[in-house]
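> Residue 1 is where the sequence shown starts when you use the UniProt record's numbering, and the numbers rise one by one after that.
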Amino acid sequence: MLEKPPGPDNQLSKEDYLIMRAKEALPIDIYAAKSWLITAKSLFPHSAKVQFEAYRIEKLSKNVKEAAKCFSEIFQNFPDDRDIWKEIETVTTCLRLEQCDSEAEFLCQMFQHIPQDLQHRLLVMTADHSEDTMEHCKLLLLLLRRFPQTIATHGPRLVETLLTAEKHSHPGRAVNGFRRLLACDALPLLGAAPVELNPRLSLRLLCKAVEFYLAYIQQPQDAQIQNPWDRLFQIVELIGKKLGWELSSLFSIPWNRETYSDRLQQYAIAHNTGLCDELIVRQLLMCTVVILLRILNEHITLINNDETMYCLVEAFGEGIHSSTEPKLKKRKREDNPSIIVTSDSDYNGNGLALAVKLWDLLHSSDYLQREIGKLSQQLRLDTWLNPFLTDLAMYKGLHHEVLARLSQEGSNLSVNLRLASTCFFLRDYKVRYLGMLEHIVLVASLLPTISGKVSHNLTVPSIRHLHYLTLARFPILQYCCKLLLLAIKVITFFPLIYMIGISEYTADYDSRKIFPYLEMSETWLLDMHWS
Numbered sequence: 001m002l003e004k005p006p007g008p009d010n011q012l013s014k015e016d017y018l019i020m021r022a023k024e025a026l027p028i029d030i031y032a033a034k035s036w037l038i039t040a041k042s043l044f045p046h047s048a049k050v051q052f053e054a055y056r057i058e059k060l061s062k063n064v065k066e067a068a069k070c071f072s073e074i075f076q077n078f079p080d081d082r083d084i085w086k087e088i089e090t091v092t093t094c095l096r097l098e099q100c101d102s103e104a105e106f107l108c109q110m111f112q113h114i115p116q117d118l119q120h121r122l123l124v125m126t127a128d129h130s131e132d133t134m135e136h137c138k139l140l141l142l143l144l145r146r147f148p149q150t151i152a153t154h155g156p157r158l159v160e161t162l163l164t165a166e167k168h169s170h171p172g173r174a175v176n177g178f179r180r181l182l183a184c185d186a187l188p189l190l191g192a193a194p195v196e197l198n199p200r201l202s203l204r205l206l207c208k209a210v211e212f213y214l215a216y217i218q219q220p221q222d223a224q225i226q227n228p229w230d231r232l233f234q235i236v237e238l239i240g241k242k243l244g245w246e247l248s249s250l251f252s253i254p255w256n257r258e259t260y261s262d263r264l265q266q267y268a269i270a271h272n273t274g275l276c277d278e279l280i281v282r283q284l285l286m287c288t289v290v291i292l293l294r295i296l297n298e299h300i301t302l303i304n305n306d307e308t309m310y311c312l313v314e315a316f317g318e319g320i321h322s323s324t325e326p327k328l329k330k331r332k333r334e335d336n337p338s339i340i341v342t343s344d345s346d347y348n349g350n351g352l353a354l355a356v357k358l359w360d361l362l363h364s365s366d367y368l369q370r371e372i373g374k375l376s377q378q379l380r381l382d383t384w385l386n387p388f389l390t391d392l393a394m395y396k397g398l399h400h401e402v403l404a405r406l407s408q409e410g411s412n413l414s415v416n417l418r419l420a421s422t423c424f425f426l427r428d429y430k431v432r433y434l435g436m437l438e439h440i441v442l443v444a445s446l447l448p449t450i451s452g453k454v455s456h457n458l459t460v461p462s463i464r465h466l467h468y469l470t471l472a473r474f475p476i477l478q479y480c481c482k483l484l485l486l487a488i489k490v491i492t493f494f495p496l497i498y499m500i501g502i503s504e505y506t507a508d509y510d511s512r513k514i515f516p517y518l519e520m521s522e523t524w525l526l527d528m529h530w531s
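1) Tell me R464's beta-bridge partners as DSSP assigns them.
2) Give me the residue from R179, A353, A268, S249 with the minimum Cα distance to L296.
3) Just to confirm, are D83 and F111 a CB contact at a threshold of 8 Å?
4) Taking DSSP as the reference, what is the three-state secondary structure of L12?
5) Between the C-alpha atoms of F75 and L118, what's the straight-line distance to the nearest angstrom?
6) What is the rounded straight-line gap between the Cα of M286 and the Cα of P148?
7) Kindly confirm or deny that the segment 83 to 94 and the segment 35 to 43 touch, where touching means at least three C-beta pairs closer than 8 Å.
8) Under the rule that 16 or more other beta-carbon atoms within 10 Å means buried, what is E98, buried or exposed?
9) Of the choices L485, Q219, D344, N386, whose alpha-carbon is the least far from that of S455?
10) Beta-carbon separation of A186 and L163 under 8 Å?
11) For V124, which residues from the same chain have a beta carbon less than 7 Å from its beta carbon, with the 5 sequence-adjacent residues on both sides left out?
12) Consult DSSP for T449 and reduce its assignment to one of helix, strand or coil.
13) Which residue's Cα is closest to the Cα of H46: E73, A67, F316?
14) Quick check on DSSP: helix, strand or coil for L469?
15) Near L426, which residues of its chain fall below 6 Å by C-beta distance, leaving aside the five closest residues on each side in sequence?
16) Evaluate contact between the segment 161 to 181 and the segment 361 to 371, counting only Cβ atoms and requiring at least three cross-stretch pairs below 8 Å.
17) Exposed or buried, what is C276 when buried is set at 16 or more other beta-carbons lying within 10 Å of its beta-carbon?
18) Quick test of the definition: if touching needs 3 or more C-beta pairs under 8 Å, does the segment 346 to 362 touch the segment 470 to 489?
19) Can you find the residues in the same chain that come closer than 6 Å, C-beta to C-beta, to R484, ignoring five residues on each side of it along the sequence?
20) For T492, name the three-state secondary structure that DSSP assigns.
21) Could you pull the start and end residues of the beta strand (DSSP E) that L312 belongs to?
22) Can you tell me whether D80 is buried or exposed, with buried defined as 16 or more other CB within 10 angstroms of its CB?
23) Relative to the C-alpha of Y267, which residue among F106, T259, L247 is closest?
24) Exposed or buried, K59, counting other C-beta atoms within 10 Å across all chains shown (16 or more means buried)?
25) Counting along the chain, where does the alpha helix (DSSP H) carrying C276 start and finish?
26) Could you check which residue in R257, P254, L243, I291 has the C-alpha nearest to that of R282?
27) Measure how close the beta-carbons of V341 and L466 come, nearest whole angstrom, since I'm counting them as under 8 Å.
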């Protein structure tokens, strides 16, 4: 039976001949094929080719346990065989897949039937065998997930490899493959494991993760990372615990901007005397920045959507002033006058007020103020903070600062609308040198085609009033007409007030004190305009 018949097959070795007969029999009779291989294994017990063919037949037969047994024998007896390494690479690739086809599912099940010690050895050897740094790191991650007890041994090594690889491959880029593995995969594993990390390294890793997620969130969403804010909060919680941060527990509760903001304020009040202590300042600084930016991101998402855009402008309040107060008396400006924020959308814009409070918290001591400057530079927060700082200046009534910041931006509808608003409240009505009238002319030339609806929230009972105006034709025209009408009234009926408005008292006198006296004429003029 084992004698080879005359013909071309005589060129084959007996070993290859038996393998060939097994392959020929496989499509017709699997048991005959296995018989040929049993014979081959008996005659050539140390042949890698025979062993691998036996494994291949068991795999084609979908026999998980026997395939795992054959695979284990080959890996133990022939660890350097080229064919087995190709198969190992296929298996480890399948283990990393989130969605598997039938073949990948079989290989994953087969891996589960390999003895645990052999699984561990296989993954370690595969990682060491890989010449590609990215592949090496992914295999180490697979090892850590499968064998959490190895995190203490291989975790720090993985982190160091990722940091070094990023430094050489992607200097200056926060969003890259190595940083992504660090922030999304390695740190959650390290943070949850009972492994001690050097405090300085822990803080460095936390900053790396924060920088990555903040940069990723600002990019066009590719939906590859689900719920990036929740993932970032998980990292802050886990690494914060290792650093002994009291505020780390805050990040385990469901997100609510008011709850998080209140907790930070309470912590700052409770540790008011320790705002020069590094442990207190570090956690207050990092936690507040992360929460502040999430509030801003949520605020921007709510106030602007794919269908409608809004623009923050200084609107009009119906302040009630004492009749005994001299009309032209210089008064001390309040740092935080009563402010109401309204919007033409369902969202009232209260995220801005919360963000302002947290910003003030970050500047509540000289030490905090210095540290936020350093952290802002380290995390590259300019793209996050620049738009907010303009809104912040408007919120605080710092109209000259608003004017300076907006003047540095490119000319567009939103910028010119806000410049017109700011010039009005500085009583800068002049036609030349880009006063209010000039900006209104520019706004008129940039009006959108969408009509929109007239706003009913431009005037509310308040000392100060900020409003998110819909960037549509009707509400923009309505707002600009209101600016023009009120400017005309000030110049026509109260020339002395206008002169004061452009004199040395500009910063101290509030032209809105005349609003109650102008309501009747204003209503009549607006009704006439819209009719």
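For each residue, glycine too, the CB sits at the ideal point set by N, CA and C.
Taking the definition as stated:
1) Residue mapping note: residue 464 aligns to position 464 of the sequence shown, counting from 1. Answer by DSSP bridge pairing, in chain order: I339.
2) Mapped onto the sequence shown, residue 296 falls at position 296. Out of R179, A353, A268, S249, the CA that lies nearest to the CA of L296 is found in A353.
3) Numbered from its first residue, the sequence shown carries residue 83 at position 83. Numbered from its first residue, the sequence shown carries residue 111 at position 111. No, they are not a contact pair.
4) Taking the sequence shown and counting its residues from 1, the one referred to as residue 12 is at position 12. Three-state result, L12: coil.
5) Stepping through the sequence shown from its first residue, residue 75 is reached at position 75. Stepping through the sequence shown from its first residue, residue 118 is reached at position 118. Here the alpha carbon of F75 sits roughly 9 Å from the alpha carbon of L118.
6) Indexing the sequence shown from 1 puts residue 286 at position 286. Indexing the sequence shown from 1 puts residue 148 at position 148. Between the C-alpha atoms of M286 and P148 there is a straight-line separation of about 29 Å.
7) Contact fails: fewer than three Cβ-Cβ distances are below 8 Å.
8) Mapped onto the sequence shown, residue 98 falls at position 98. In the assembly as shown, E98 is an exposed residue. Its beta-carbon has fewer than 16 other beta-carbons within 10 Å.
9) Numbered from 1 along the sequence shown, position 455 holds the residue referred to as residue 455. Checking every option, the nearest Cα to that of S455 belongs to D344.
10) Along the sequence shown, one-based indexing puts residue 186 at 186. Along the sequence shown, one-based indexing puts residue 163 at 163. With contacts defined by Cβ atoms closer than 8 Å, A186 and L163 do not form a contacting pair.
11) By one-based count along the sequence shown, residue 124 stands at place 124. Excluding sequence neighbours, V124 sits near L143.
12) By one-based count along the sequence shown, residue 449 stands at place 449. Here DSSP, grouped into helix, strand and coil, assigns T449 to coil.
13) Counted from its first residue, the sequence shown places residue 46 at position 46. Ranked by how close their Cα comes to the Cα of H46, the residues E73, A67, F316 have E73 in first place.
14) Indexing the sequence shown from 1 puts residue 469 at position 469. It is a strand residue.
15) Residue mapping note: residue 426 aligns to position 426 of the sequence shown, counting from 1. Cβ neighbours of L426 beyond the five flanking positions: H399.
16) Too few Cβ pairs lie closer than 8 Å, so no.
17) Stepping through the sequence shown from its first residue, residue 276 is reached at position 276. Exposed, since its Cβ has fewer than 16 Cβ neighbours within 10 Å.
18) Touching, no, given that fewer than three Cβ pairs across the two stretches are closer than 8 Å.
19) To locate residue 484, count along the sequence shown from 1; it is residue 484. The amino acid occupying residue 484 in the given sequence is Leu; Arg does not appear at that position. Shown here for L484: not one same chain residue has a beta carbon closer than 6 Å to its own, the five before and five after excluded.
20) Indexing the sequence shown from 1 puts residue 492 at position 492. In the structure shown, T492 sits in a helix (DSSP, three-state: H, G or I).
21) Numbered from its first residue, the sequence shown carries residue 312 at position 312. L312 -> beta strand (DSSP E) spans 310 to 314.
22) Within the sequence shown, numbered from 1, the residue matching residue 80 stands at position 80. Burial state of D80 is exposed, judged by a 10 Å Cβ sphere holding fewer than 16 other Cβ atoms.
23) Position 267 of the sequence shown, counted from the start, is the residue given in the question as residue 267. Nearest of F106, T259, L247 to Y267, Cα basis: L247.
24) As a first step, residue 59 must be located in the sequence shown, where it is residue number 59. So K59 ends up on the buried side.
25) Here the question's residue 276 lines up with position 276 in the sequence shown. C276 -> no alpha helix (DSSP H), and no H or E assigned at all.
26) Here residue 282 refers to the residue found at position 282 of the sequence shown. When only C-alpha atoms are compared, the closest one is L243.
27) The sequence position of residue 341 within the sequence shown is 341, counting from 1. The sequence position of residue 466 within the sequence shown is 466, counting from 1. The Cβ separation is near 5 Å, so the contact holds.
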